[in-house]
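In what follows, a structure is listed as structure tokens, so that the remarks can point back to it.
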Amino acid sequence: SHVYADQTNVTDAIIQSRYELTKQKGSRYVPAAFLTGLLDPVSSREEFLQLFADLEGKLPVMVMSTKGAPKRSKAEMEALRGAKGVSKFVEVEGALLPQEEYPSLV
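When the letters of the sequence shown are read in order and numbered with the numbering used here, they come out as residues -2 to 103.
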């Protein structure tokens, strides 16, 4: 899977929690909206980077990238390495949900 780097980290509890989300009112449209980018607040990388640039000097921002992220997601994460407004950039194990897959690292 592109979400978890190690399939052994996909436990029955995680599967059950994801299944429960599908039972919420209106939830059937959320995955499609997320995957097609319809939930994104910006339409270009430049706009995305500007969100961070606008935070320069206002608050510290740490960006966490992952070693196993899919190419497209990884490219967006890497665009933030050294970007204006980003105080710290770190790379950890995992794919798209390191906070769930490797919570002790995060």
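Idealized CB from N, CA, C, for every residue including glycine.
Residue i: first and last residue of the uninterrupted alpha helix (DSSP H) it sits in
{"i": "E88", "result": "Here E88 belongs to no alpha helix (DSSP H); instead the beta strand (DSSP E) covers K85 to V89."}
{"i": "Q21", "result": "Taken as a continuous stretch (DSSP letters only), Q21 belongs to no alpha helix (DSSP H), as it is neither H nor E."}
Limits of the unbroken beta strand (DSSP E) element including residue i
{"i": "S14", "result": "From DSSP, S14 is part of no beta strand (DSSP E) but of the alpha helix (DSSP H) over D9 to L18."}
Simplified DSSP state of residue i, which is helix, strand or coil
{"i": "V60", "result": "strand"}
{"i": "A95", "result": "Checking the displayed sequence, the identity of residue 95 turns out to be Pro instead of Ala. Looking at P95 - three-state DSSP - the assignment turns out to be helix."}
{"i": "K104", "result": "The structure shown does not extend to residue 104, since the chain is modelled only from -2 to 103, so the question has no answer here."}
{"i": "L46", "result": "helix"}
{"i": "A174", "result": "Lying before the first or after the last residue shown, residue 174 is absent from the chain, which here runs from -2 to 103."}
{"i": "T5", "result": "helix"}
Option in the options with minimal Cα separation from residue i
{"i": "S84", "options": "E43, L36, A66 and F49", "result": "F49"}
{"i": "G79", "options": "E98, Y99 and L46", "result": "L46"}
{"i": "F86", "options": "R42, A10 and S62", "result": "S62"}
Assumed close pair residue i, residue j - CB separation to whole angstroms, cut-off 8 Å
{"i": "V58", "j": "M74", "result": "About 13 Å; that fails the 8 Å criterion."}
{"i": "R42", "j": "A10", "result": "Not confirmed; about 36 Å, so no contact."}
The stretch 51 to 58 touching the stretch 11 to 28, judged by at least three CB pairs closer than 8 Å: no
The stretch 90 to 102 touching the stretch 60 to 72, judged by at least three CB pairs closer than 8 Å: yes
Touching by the beta-carbon criterion (3+ pairs, under 8 Å), the stretch -1 to 7 and the stretch 94 to 102: yes
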